[in-house]
Amino acid sequence: MVQEDKPLPMHLSVRAFPAFWVPKPLPDHIISPEQAEEYAREFAIREGKKVCLSIPGEQNVWFDEEGRVTVRVVL
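Numbering (this note's numbering), first residue to last: 295 to 369.
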């Protein structure tokens with residue numbers, strides 16, 4: 295049986311404490327990278343946590359606790 299390649303969904307990784315990140319799926323209504331980035335920024339501010347937004351095949355974007363982009367890696 296051959297398994298088809300399916301694109302991975304966008305998701306957040308939330309820094310629970312140093313060196314420990316917890317995956318968090320995005321809400322179903324988030325469908326574009328732009329919406330995902332805004333959600334990640336707002337989440338970081340609201341929760342006071344560092345987060346990484348993974349957009350498979352495109353980029354990873356890290357936000358600090360104040361919602362500022364600290365690193366952007368284009369894949």
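Backbone N, C-alpha and C define an ideal beta-carbon position, used for all residues, glycine too.
Per the coordinates, the alpha-carbon of Asp-322 lies some 24 Å from the alpha-carbon of Glu-360.
Ala-338 carries a helical assignment under DSSP once its states are collapsed to helix, strand and coil.
In terms of Cβ geometry, Leu-347 and Leu-306 form a close pair [threshold 8 Å].
Scanning its chain for C-beta atoms nearer than 8 Å, with the 5 sequence neighbours on each side dropped, one finds around Glu-336 the residues Gly-361, in chain order.
The residue among Gln-329, Gln-353, Asp-358 with its C-alpha nearest the C-alpha of Arg-340 is Asp-358.
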